[in-house]
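Using our numbering, the letters of the sequence shown map in sequence onto residues 110 to 356.
We treat Cβ as the ideally placed atom computed from N, Cα and C, and that holds for glycine.
Written below as structure tokens is the structure these notes are about.
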Amino acid sequence: MVAKLTDVAALAGVSPTTVSRVINKKGYLSQKTVTKVNEAMRTLGYKPNNLARSLQGKSAKLIGLIFPNIRNIFYAELIEHLEIELFKHGYKTILCNSEKDPIKEKEYLEMLGANQVDGIISSSHNLGIDDYEKVEAPIVAFDRNLAPHIPIVSSDNFFGGKMAAQTLKKHGCQKMIMITGNDNSDSPTGLRRLGFSYESKESKVITVTNGLSNMRREMELKSIISTHKPDGIFTSDDLTALLVIKL
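What follows is the structure, given as structure tokens:
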């Protein structure tokens, strides 16, 4: 359950009006009272509803978007389409670029929760389930399992990996390789890797470290292709595929 102002008041042993005065820093209050209220807010994890206060109870009509990387062309296009569709329905967006950093993700999540956005769409998950369960706003996950009760929009990435191997075999490839990043097995790319390896156990899976510049990644890919001389290549993401096509 998300803590409410009345819960803070009960724990601190003061009235809800006093809690509101502490939050808004209005009127005279003893330091003892201020300390009690602040300690109660910390204990309960209470976040003042800043935006709702400024809008006097009106709906913010804001949707928070949390994504791990806005440079990736896939995410960039997805964010663009989300913004367009949300705007058509009267909503503005707040874009949060977590950069796969758990500290940034946590702070963005807390900021969105404190400002009482109308909903959150998240494709970033470095945090524990509890962090997302504390948020009162509706959440939709994209390609990430955030928590059991949070709905997710995703492809069957494991089956996609299997299909890639089947397609290469169908076209006569006998020396296939997969090029992927060093993501964990629960990530979309990790699931594609598992599906590919399940269908083609004899094929090599080669990891290229995430976070490399395009120039460095291109050099790595040239070296991989020169060394292994594959007749079929499956890449786990679009950016790597584009670089391979250029070589």
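Proximity below 8 Å, CB of residue i to CB of residue j
{"i": "Arg301", "j": "Gly269", "result": "yes"}
{"i": "Met287", "j": "Ile315", "result": "yes"}
{"i": "Ile179", "j": "Ile188", "result": "yes"}
{"i": "Ile229", "j": "Phe251", "result": "no"}
{"i": "Lys278", "j": "Asp340", "result": "no"}
{"i": "Pro157", "j": "Ile132", "result": "yes"}
Segment limits, alpha helix (DSSP H) that includes residue i
{"i": "Leu104", "result": "Because the chain here runs from 110 to 356, residue 104 falls outside it and cannot be looked at."}
{"i": "Asn319", "result": "Where Asn319 is concerned, there is no enclosing alpha helix (DSSP H), given that its DSSP letter is neither H nor E."}
{"i": "Asn206", "result": "Not the alpha helix (DSSP H): Asn206 falls in the beta strand (DSSP E), residues 201-206."}
{"i": "Leu277", "result": "266-279"}
{"i": "His114", "result": "Note that residue 114 is Leu in the sequence shown, not His. First-last of the alpha helix (DSSP H) with Leu114: 114-121."}
{"i": "Leu138", "result": "Neither: Leu138 is in no alpha helix (DSSP H) and is coded neither H nor E."}
{"i": "Gly299", "result": "297-308"}
Close beta carbons around residue i, own chain, < 7 Å, minus the five adjacent residues each side
{"i": "Leu164", "result": "Any reading at Leu164 must be qualified, since the residue scores a pLDDT of 48, below 50, and its modelled position is unreliable; the value itself is stated next. Cβ within range, chain order: n/a, list empty."}
{"i": "Gly199", "result": "Lys170"}
{"i": "Ala273", "result": "Phe305, Phe343"}
Straight-line gap, residue i to residue j (C-alpha atoms, nearest Å)
{"i": "Lys134", "j": "Ala112", "result": "20 Å"}
{"i": "Lys357", "j": "Leu221", "result": "It is not possible to answer for residue 357, since the shown part of the chain is limited to 110 through 356."}
{"i": "Lys197", "j": "Arg325", "result": "41 Å"}
{"i": "Glu148", "j": "Val226", "result": "25 Å"}
{"i": "Asn323", "j": "Pro297", "result": "21 Å"}
{"i": "Ala223", "j": "Ile248", "result": "15 Å"}
{"i": "His337", "j": "Lys313", "result": "9 Å"}
{"i": "Lys145", "j": "Tyr241", "result": "27 Å"}
Cβ neighbours of residue i in the same chain (closer than 8 Å, five flanking residues each side left out)
{"i": "Leu330", "result": "Ile288, Val317, Thr349, Leu352, Val353, Leu356"}
{"i": "Leu195", "result": "Ile172, Lys201, Thr202"}
{"i": "Arg130", "result": "Gly136, Leu138"}
{"i": "Leu153", "result": "Ala112, Asp116, Val117, Leu120"}
{"i": "Phe267", "result": "Leu300, Arg301, Leu303, Gly304, Tyr307"}
Neighbourhood of residue i by C-beta, 6 Å cutoff - its chain only, sequence neighbours within 5 removed
{"i": "Glu245", "result": "Val111"}
{"i": "Met150", "result": "Val117"}
{"i": "Leu114", "result": "Pro125, Val128"}
First through last residue of the beta strand (DSSP E) which encompasses residue i
{"i": "Ile71", "result": "Absent from the structure is residue 71, since the part of the chain shown begins at 110 and ends at 356."}
{"i": "Ile342", "result": "341-344"}
(message) List, from N- to C-terminal side, the alpha helix (DSSP H) runs of 4 residues or more that fit wholly inside the stretch 231-260.
(response) 238-242
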